[in-house]
Amino acid sequence: MTKTIRLTMAQALTRFLSRQMTEIDGKRMPIFGGVWAIFGHGNVAGIGEALYQVREELPTFRAHNEQAMAHAAIAYAKANFRRRFMAATSSIGPGALNMVTAAALAHVNRLPVLFLPGDVFANRLPDPVLQQAEDFSDGTATVNDCFRPVSRYFDRITRPEQIMPALNRAMQVLTDPAECGPVTLSLCQDVQAEAYEYPESFFAERVWHQRRPRPDRGELAAAVAALKGAKKPLVIAGGGVLYSQASGELAKLVQGAGIPVCETQGGKSSLPDDHPLNMAAVGVTGTSAANRLAEEADLVLAVGTRLQDFTTGSWALFKNSGKTIIGLNAQVFDAGKHWALPMVADAAEGLAELGAALKGWKAPAAWTDNAMKGKTAWQADAGKVTASINAAYPSDAQVIGAVQRAMGSGVILLHAAGGLPGELHKLWQAGAPGSYHAEYGFSTMGYEIAGGLGVKMAKPDEEVVVMIGDGSYLMLNSEIATSVMLGLKLTIVLLDNRGYGCINRLQMATGGANFNNLLKDARHEVMPDIDFAAHAASLGAIAEKVPSIAGLETALAKAKDNSRTTVLVIDTDPLVSTDAGGHWWDVAVPEVSVRPQVNAARKKYEEALGDRQG
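Taking the UniProt record's numbering, I'd label the letters of the sequence shown as residues 1 to 614.
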């Protein structure tokens with residue numbers, strides 16, 4: 001007879017999560033690093049009480065904003081290369097909906113996180129409960145249905161026994177290299193408290209391993225034949241290289257064959273910046289070295305990348321009409337993009353088998369030598385724009401140079417939306433794999449500080465540096481206080497350009513008038529005068545506004561020895577960005593306008609459209 005244990009659904013859920021394990025470097029450890037929770041009436045009595053019972057095995061962390069706590073959980077998973085992850089629980093209504101943006105972020109970036117929002121009563125007797133949004137035509141709809149399009153797996157738990165198959169499916173998705181992404185289990189609040197006789201076997205410890213599918217023989221043979229026939233091959237390294245921990249296999253392949261490599265935002269740090277074959281960033285925010293090769297390449301080996309518009313220059317970057325694309329990806333959806341030769345496999349396994357099959361073959365020496373010369377030229381250009389300067393309002397690039405000189409490549413550098421991703425992608429000199437942490441798949445303003453907290457939780461012994469603009473800071477800064485409370489030190493460099501400088505530059509580039517982006521161009525009675533240092537200090541951080549690039553370098557040197565989160569604020573120029581490198585990006589310009597600037601921009605736009613390949 002099956003042995004059972006009587007538990008509430010919430011108790012069964014938390015006990016199950018605490019028993020799921022992984023192995024990293026031969027060491028067994030919990031696969032869930034913890035649960036982020038903000039309690040309300042929809043989860044405090046059910047899952048809140050259940051989390052209390054397992055607080056030693058499955059720690060619970062309190063945040064100040066539901067979106068931020070989910071960002072922290074996602075960054076934790078990314079910093080762990082998807083081998084460990086977290087859960088996040090909220091009450092129903094606004095608390096749940098605050099997490100939907102984070103769910104979309106995880107969905108786009110293929111990152112595992114378990115969302116556990118509270119929901120309405122399954123029995124419906126108290127309806128409408130507090131925070132319930134009623135649908136006049138559908139009695140089964142709740143606000144948590146908003147999670148459906150941004151979850152890899154969604155389930156609403158309306159009976160206590162349903163949690164068993166739901167959790168099994170959740171773990172399959174969270175640990176699968178192809179399906180990986182957010183899972184939402186919507187927990188009806190009355191069902192959280194209902195008891196059931198669960199089989200004890202459901203709570204047995206289980207170890208989950210990273211699946212590494214090897215390539216199909218036919219696909220491998222086709223890829224090898226295409227590579228051997230190439231005269232100008234190029235590798236694009238995406239985030240899948242890092243998730244697969246395939247940097248070593250990538251280095252072996254390209255060194256043996258003499259193939260230059262360029263990196264997407266997600267793939268940057270796949271190879272160290274000083275690797276001779278690393279041409280660094282590719283695409284809209286790419287280096288001249290990488291983009292020149294991409295334009296000429298007759299074969300592109302795209303490894304672990306979604307090939308989004310910033311990587312491909314809106315599919316105008318690859319100008320060789322006879323090019324072949326090989327899509328090496330664990331997800332068939334990505335492997336076959338743009339009529340690529342698919343090679344569906346784990347990145348490390350696929351690169352290893354390609355390397356073995358190509359042993360003794362080399363790309364033409366002229367192509368490899370040309371690539372290295374291009375890198376040398378790019379490094380000279382990058383050195384000029386990042387050099388120290390005494391201007392009252394330095395550029396983002398000059399601030400990046402100061403951070404690089406003061407902190408080196410041994411830190412983990414984190415950033416997200418705005419102008420910084422473009423400049424950092426081109427200019428930051430990344431070191432070890434995973435040391436460059438960008439959220440540019442969903443380009444989510446407000447990710448930075450919460451994301452930095454998640455990275456620090458995953459890598460407590462590493463120096464984590466967050467670079468953020470004033471616009472993102474004002475959107476979501478509350479987890480500074482959480483970092484102080486948890487004793488997790490971050491170094492935050494806040495660039496104040498007094499508005500949304502990046503989108504203002506795009507507005508100007510498409511012929512638009514300066515309007516509603518910089519604070520001075522927005523409707524106002526009084527210009528804001530925000531003291532960011534005082535604000536950060538009020539949240540518990542060590543904070544300082546620095547007067548110059550030299551002052552920033554001095555403050556950064558001191559910050560290394562600070563015992564808690566430090567925020568350094570510097571004024572920057574909102575109109576300056578690095579001209580070197582980069583590529584066209586498809587941003588549609590109005591066909592008709594009363595403004596001649598827009599009409600001129602439209603003409604240039606139409607000319608650019610004519611250059612797009614395929």
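We put the CB at the ideal spot given by N, CA and C, even for glycine.
- For the segment 58 to 104, the continuous beta strand (DSSP E) assignments of 3+ residues that do not extend past its boundaries occur at 60 to 62 and 85 to 90, in sequence order.
- Beta-bridge partners assigned by DSSP to Thr311: none are found.
- In terms of Cβ geometry, Val113 and Ile74 form a close pair [threshold 7 angstroms].
- By the neighbour-count definition (other C-beta atoms within 10 Å, threshold 16), Pro342 is a buried residue.
- Non-local beta-carbon contacts of Tyr605 in its own chain, meaning distances under 6 angstroms to residues more than five positions away in sequence, involve Val589 in chain order.
- In the three-state reduction of the DSSP assignment, Trp378 falls in the helix class, which pools H, G and I.
- The distance from the Cβ of Gly266 to that of Ala458 is about 17 angstroms, inconsistent with a contact at the 8 angstroms cut-off.
- Under the three-state reduction of DSSP output, Val598 falls in the helix class.
- Put simply, the segment 170 to 179 does not touch the segment 306 to 313. Fewer than three CB pairs are less than 8 angstroms apart.
- Nearest to Ile530 by alpha-carbon distance, out of Gly471, Val411 and Glu219, is Gly471.
- Inclusion of Ser18 and Leu58 in the CB contact set at 7 angstroms is warranted, their separation being smaller than that value.
- Contact annotation: Leu539 and Val466 have beta-carbon atoms that are not nearer than 7 angstroms.
- Straight-line spacing of the CA atoms in Gly419 and Val493 works out to 14 angstroms.
- Only residues of its own chain outside the window of five on either side were considered, and among them Phe61, Ala63, Met69, Ala73 and Ala88 have a CB closer than 6 angstroms to the CB of Trp36, listed in chain order.
- Shown here, Asp119 sits in a strand according to DSSP, grouped into three states.
- Looking from the CA of Ile259, the closest CA among Ala230, Phe32, Lys545 and Asp521 belongs to Ala230.
- Within the same chain, Arg19, Gln20 and Met21 come within 7 angstroms of Arg206 by CB-CB distance, once the 5 residues on both sides are set aside.
- Contact between Ser244 and Gly304 is confirmed by a C-beta separation of about 7 angstroms, below the 8 angstroms threshold.
- Cα atoms of Ala103 and Val150: separation of roughly 6 angstroms, rounded to the nearest angstrom.
- Segment contact: the segment 533 to 551 against the segment 563 to 576, three or more CB-CB distances shorter than 8 angstroms; contact assigned.
- DSSP places Ser247 in the helix class (H, G or I) of the three-state scheme.
- Between Gln131 and the set Thr510, Ile157, Leu97 and Val224, the nearest pair of CA atoms involves Leu97.
- Contact between Thr578 and Val385 holds: CB atoms are separated by about 5 angstroms, below the 8 angstroms threshold.
- Sorting Ile480, Ala601 and Ala289 by C-alpha distance to the C-alpha of Leu506 places Ala601 at the top.
- In this structure, the CA atom of Ser269 is about 16 angstroms from the CA atom of Met407.
- In the three-state DSSP reduction, Arg169 falls in the helix class (H, G or I).
- Cβ neighbours of Gly48 within its own chain (closer than 6 angstroms, five residues either side excluded): Phe39.
- The segment 515 to 527 and the segment 495 to 502 touch, with three or more beta-carbon pairs separated by less than 8 angstroms.
- Counting the other CB atoms within 10 Å of its CB gives Tyr440 a total of 16 or more, which places it among the buried residues.
- A straight line joining the alpha-carbon of Gly446 with that of Asn477 spans about 7 angstroms.
- Using a C-beta cut-off of 8 angstroms, the segment 322 to 335 makes no contact with the segment 275 to 295, since fewer than three inter-stretch Cβ pairs fall below that distance.
- If only uninterrupted alpha helix (DSSP H) runs of at least 4 residues are considered, those enclosed by the segment 331 to 392 are 332 to 335, 347 to 357 and 365 to 386.
- Going by DSSP, Pro30 is part of no alpha helix (DSSP H) but of the beta strand (DSSP E) stretching over Lys27 to Pro30.
- Under the DSSP assignment, Asp461 falls outside any alpha helix (DSSP H); it carries neither an H nor an E label.
- For a cut-off of 8 angstroms, the C-beta gap from Ser435 to Val411 is around 7 angstroms, short enough to register as a contact.
- Relative to Phe202, the option among Leu552, Gln11 and Gly256 whose CA is nearest is Gln11.
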